[in-house]
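Protein chains in written order, with this note's numbering: chain A, 1 to 327; chain B, 328 to 654.
Even glycine gets a Cβ: it sits at the ideal position worked out from N, Cα and C.
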């Protein structure tokens, strides 16, 4: 009996790869000796801070915006985002010569707000605790005839993020190795859903793990429960990019089928990982981008003898925060 | 008429590449869109901060130490270095199970001293202004029967560093592009000599440029004069890795033949480049490693329409210094 077809297929990711090829960075797959020696197994890093806009989000945004028919492009695009999706949409819109309006939380890192404006987008701020960003975005979209570019719960966005996994699979194949364990962070779950789709298509035995900040563990809870569950965290984490309260519907339909488990890392473990990446890897990782590495370094992943791939999803961190984290 | 044979050949670099293959990182060649758009031409970065020990120096050190006959290895190795060669030698010695003693200036960045010790080496400090590091190293070598591993003026060291250029040439060939301009920093000149040898062997038309901190421009002066000239700087530069007072004899024999010119960047321009690499490239570059990028960003290189390759030679920078540079 065939399994039911999931909302995003490997063919969708192949198509996204073709759309992205002229514009996205094909990030390398790194395997730093210092990390392999520290962890005692072969570790591969997918450094998405080297992607255009400093995070993987450009991939999904560009794939989504490219699908908008030419006639509808004049209305522009609207997105809501804590920062990395904002930059991805703004940069994609700039390349495609579309107007972009981004609804961002007022407490998003200054660098993310400034960089979003730098790509020519208009930024509308909202209060993360009191206002509904989706409602604000939909209202703007309605008034302007703009297309909404969702941050994760959209097949084209997921397929775009899936090119991260496709590149990992290709590069591991060139090395003659199978990725035994693949770890990526999740906020709404678009990245890990896309990565899992691409990896599982070529390596059905691979174990896919979603990494979350301690407390903000809605994917981990949902995977255990077999249905979408919100996290119970109140307050904040330093992983500003990973604060969605519940997995997406479309992303969870994929993740429930393809992921093995969730793991978490505390803010202190994430800070240590950001510092390790600075001192030893010479890479700038933002807290949310380092949560998988943090879990690895803290010993939360059973790695013995396996080929472990960690997605470092972004590097957009404010100077002050970074200086604090590395000291 | 054939030109006289230089002290290091392309074949020596091929041999070094074979020796290094199991241990050195084959660093990727990056071409960040944000940099291409900023400079208005195609720029390629060779990020040697991703090399083992955080700089290119591991390459030359490992190639040199590997050449020591097994019978002589028991005496260990001695080196003098402001930091990156120290780590390169220490890490190479650790892999080859040799004892390493490193003579370092007392004002070398703390991180470089600590990291050198971390590879199992003994560190002997000296006063940069009052003591002769070569004499100290030779004295230790004599007493212990140790082999001296020079930082640059040695054909095996130069051949090791040349693998940086060999990889650039290979990766550009895969892209179907010729490197029109290749820029690398110099202290004693080993890196640029090796890179120039490898690049010129495949791309005789390439323009090779040596980058130096303003004032510490001994290569620039020497190239103009046609003979080795010291720089006239007094005091310090933030480029702690690039303070040698005069080009090496062997390196200059190569560089005088293969380099087109020297360029310099001020400390302020270097600081701006370190900040740019942090914010936009998400790479940790040390000041000395950023001097070529600094010259590029400051407009000191005539790049119009050309393929420009910049070697970022290392990323070993103290936390406090880095926090200051990026703020």
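Annotation: the continuous beta strand (DSSP E) that includes residue 104 of chain A extends over 100-105.
At the C-beta level, residue 159 of chain A and residue 256 of chain A stay beyond 8 angstroms of one another. Per DSSP, residue 455 of chain B lies in no alpha helix (DSSP H) and is assigned neither H nor E. Neighbourhood of residue 30 of chain A in chain B, by CB distance below 7 angstroms: 377, in chain order. Excluding sequence positions up to five before and after residue 284 of chain A, its CB lies within less than 8 angstroms of the CB of 49, 277, 278, 315, 317 and 322, all in the same chain and listed in chain order. Annotation for residue 46 of chain A: the continuous beta strand (DSSP E) segment containing it runs 42-47. By the Cβ rule, the segment 510-518 of chain B counts as touching the segment 531-550 of chain B, because three or more pairs are nearer than 8 angstroms. Excluding the 5 residues flanking it on each side, residue 450 of chain B has same chain C-beta neighbours closer than 7 angstroms at 429, 431, 440, 443 and 444, in chain order. Contact between residue 492 of chain B and residue 536 of chain B is ruled out by a C-beta separation of about 13 angstroms, above the 8 angstroms threshold.
Around the beta-carbon of residue 332 of chain B, fewer than 16 other beta-carbon atoms lie within 10 Å, marking it exposed.
As DSSP reads the structure, residue 55 of chain A sits in a beta bridge with A:314. For the pair residue 294 of chain A and residue 239 of chain A, the Cα-to-Cα distance works out to about 12 angstroms. The closest CA to that of residue 560 of chain B, considering only B:472, B:580, B:554 and B:571, is found on B:571. Distance from the Cα of residue 511 of chain B is smallest, within the candidate group B:523, B:500, B:504 and B:505, for B:523. Taking a Cβ-Cβ cut-off of 8 angstroms, residue 512 of chain B has no neighbours in chain A, whose nearest Cβ is about 16 angstroms from it. Exposure of residue 424 of chain B is indicated by the presence of fewer than 16 other C-beta atoms within 10 angstroms of its C-beta.
By the criterion of at least three beta-carbon pairs nearer than 8 angstroms, the segment 452-472 of chain B is in contact with the segment 398-411 of chain B. Under the criterion of beta carbons closer than 8 angstroms, residue 54 of chain A and residue 609 of chain B qualify as touching, at roughly 6 angstroms. Excluding residues up to 5 positions away in sequence, 51, 52, 58, 59, 62 and 163 lie with their Cβ nearer than 8 angstroms to the Cβ of residue 24 of chain A in the same chain. Rounded to the nearest angstrom, the gap between the Cα atoms of residue 300 of chain A and residue 265 of chain A is 8 angstroms. Take the alpha-carbon of residue 134 of chain A and the one of residue 607 of chain B: they are about 29 angstroms apart. Look at residue 408 of chain B: its C-beta is not under 8 angstroms from any C-beta on chain A. Per the DSSP secondary-structure output, residue 309 of chain A pairs in a beta bridge with A:44 and A:182. Apart from the 5 residues on each side of it in sequence, residue 639 of chain B sits with its Cβ closer than 8 angstroms to the Cβ of 372, 373, 374, 375, 376, 604, 610, 612, 616, 617, 619 and 620 in its chain, given in chain order. By the CB criterion at 8 angstroms, residue 67 of chain A and residue 156 of chain A fall inside the cutoff. Out of B:530, B:463 and B:435, the CA that lies nearest to the CA of residue 495 of chain B is found in B:530. Here residue 152 of chain A is not near residue 83 of chain A, since their CB atoms are 8 angstroms or more apart.
Around the C-beta of residue 398 of chain B, fewer than 16 other C-beta atoms lie within 10 Å, and the residue is accordingly described as exposed. Residue pairing of residue 603 of chain B in beta bridges, as defined by DSSP: absent, with no partner found.
Non-local C-beta neighbours of residue 334 of chain B in its own chain, meaning closer than 7 angstroms and more than five positions away in sequence, comprise 482, 577, 580 and 581, ordered along the chain. Contact of residue 57 of chain A with chain B by beta-carbon distance below 7 angstroms is absent, the smallest such distance being about 14 angstroms. For the set A:228, A:261 and A:95, the Cα lying nearest the Cα of residue 361 of chain B is the one of A:95. In the DSSP assignment, residue 589 of chain B falls within the beta strand (DSSP E) that extends over 588-592. Judged by beta-carbon spacing, residue 504 of chain B lies within the 8 angstroms limit of residue 634 of chain B, meaning their Cβ atoms are closer than that value.
Not a single CB atom of chain A sits nearer than 8 angstroms to the CB of residue 623 of chain B.
Straight-line spacing of the CA atoms in residue 29 of chain A and residue 171 of chain A works out to 7 angstroms.
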